[in-house]
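First residue of the sequence shown? That's 72 in our numbering, and the numbers climb one at a time after it.
All C-beta atoms, glycine included, are put in the ideal place defined by N, C-alpha and C.
Contents: one structure, followed by commentary.
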Amino acid sequence: MSEWRVPLADVVVSEDELEAVIATYRSGWLSMGPCTEALEADFAAYVGSESAVAVSSGTAALHLICLAAGLGPRNEVIVPSLTFVATANAIRYAGATPVFADVAGLERPWLSAAAAESAIGAQTVAIMAMSYGGHPGDLAALAELASSRGLILLEDAAHGLGGRLDGRMLGTFGLAGAFSFFSNKNLPAGEGGMVVTDDPELADRVRGLRSHAMTSATWERHQGGALGYDVTGLGFNYRIDEPRAALIAAGLGGLDEANRRRAELAAEYHRRLEEVPGAAAAMTPLEGAESAHHLFTVVLDEQLDRDAARRSIEEAGIQTSVHYPPIHEFTAYAGTGGGLPLTEAYARRAITLPLFATMTEPQLQDVVTALASALAQGA
Ligand SMILES: Cc1ncc(COP(=O)(O)O)c(C=O)c1O
């Protein structure tokens, strides 16, 4: 569908997945219902959590874990600035304040546990980790820090689905984790999200909040199980619909294989980029870490012109991106931070290169060749 010779990401929906979606349109019920329940059971089993609650987007999942964890005004939450704006927005939706901390290094672009520790103040109640690029990053140290300082650990695992640290799934290290099924994610459904937690009360609060804090769902009433409902709080319409729940459930079975292919491609990138002067591959896997390989990024030497390099690569028909413009530099976040030298340098010097499970070896070589030629021209 895209015009790119090599796009950044690709969405391939199998015939089985299409069949599963079509079946929901024939079922006579389209919003949250039996497919959603089945997806939640499968997803909880897949990540190894007690509960999984499906919602309309990753942002909704983040918002609800912040609310259900009890975050509110005068609470500060330590969070990376090098993430999608939704991570910090969700903290603000709950009335709390994001406090940005630096990443661990130019080739370790995830929230640094040491920087998070330095950012702890009297009003800090939580740390929001983010599995940058699919990598666990400093998650073990962040979990240790949160537990030793009596802080809540939440995880934005939008990039991390299927990634593991010492065998345990990303998203399951804190009080709750949030996943996204947005169109460019490892398990894409267009839109959709999931909350996972081992805390049954938190799961119940999330279930309530996703549908206007109503005591019975429309699906239950449709089945004749409940005649009416009460509204017990201020909730939202963050429900997912059945076609997307069916698509995600059907895709879950192939996720590990797709992530394994991403891992092979990332390893190949690492090998081939050793021969390319001027660019260093970020996110070399660490001991015990099994990345979900959502993104592949390189950091250019300081004197090189990153944007000129991107233009040159894109002229070769290869899409690139930057993950991310730091949140503290956005107009809407003016005055919320700064002094994050590694985050700022990474955002100036990094390029995200194409990575997707159906990417071919010649496509990967095209990307490496285009990058090498851009840098040889002194981009
Ligand atoms: C790190 C991160 N957090 C949160 C989100 C928000 O997810 P969604 O787009 O499903 O709302 C995304 C993706 O879009 C993301 O990449």
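- Distance from the CA of L371 to the CA of A260, rounded to the nearest whole angstrom, comes to 33 Å.
- The beta carbon of D269 sits no closer than 8 Å to any heavy atom of ligand 1.
- Here the distance from the Cβ of S128 to the nearest heavy atom of ligand 1 is below 8 Å.
- Three or more Cβ pairs drawn from the stretch 87-102 and the stretch 314-332 lie within less than 8 Å of each other, which places the two stretches in contact.
- Under the DSSP assignment, A447 falls in the alpha helix (DSSP H) whose first and last residues are 432-447.
- If the five residues before and after P396 are omitted, its C-beta is found closer than 7 Å to the C-beta atoms of A418, all from its own chain and listed in chain order.
- Relative to the Cα of D376, the nearest Cα in the group L135, A447, T130 belongs to A447.
- A distance below 7 Å between beta-carbons, with the five flanking residues on each side excluded, links G166 to the following residues of its chain, in chain order: G143, P144.
- Spanning the alpha carbons of V347 and V83 requires a straight line of approximately 31 Å.
- Look at G264: its beta carbon is less than 8 Å from one of the heavy atoms in ligand 1.
- With respect to the 9 Å criterion, L182 and P207 are not classified as neighbours on the basis of their beta carbons.
- S251 is a Cβ neighbour of G129, given a cutoff of 9 Å.
- In terms of Cα proximity to A350, the closest of V150, T368, E188 is T368.
- In this structure the stretch 178-198 touches the stretch 219-226; the number of beta carbon pairs closer than 8 Å is three or more.
- A288 sits away from A132, with the two beta carbons spaced by 9 Å or more.
- In the three-state reduction of the DSSP assignment, P180 falls in the strand class.
- Sequence-distant Cβ neighbours of D87 in its own chain, meaning closer than 7 Å and more than five residues away, are A321.
- In the same chain as H230, and ignoring 5 residues on each side of it, the C-beta atoms closer than 7 Å to its own belong to S202, Y203, G204, G205, A363, H365, L366, in chain order.
- In the DSSP assignment, D227 falls within the beta strand (DSSP E) that extends over 223-227.
- Taking every protein chain shown into account, the CB of D173 has 16 or more other CB atoms within 10 angstroms, so this residue is buried.
- Non-local C-beta neighbours of A109 in its own chain, meaning closer than 7 Å and more than five positions away in sequence, comprise A320, ordered along the chain.
- Given a length threshold of 3 residues, each whole run of the beta strand (DSSP E) inside the stretch 273-352 is given here in chain order: 350-352.
- The shortest CA-to-CA distance from G192 to any of G221, E178, Y117, L210 is the one to G221.
- Per DSSP, I422 is one residue of the beta strand (DSSP E) stretching across 421-424.
- DSSP lists no bridge partner for E415.
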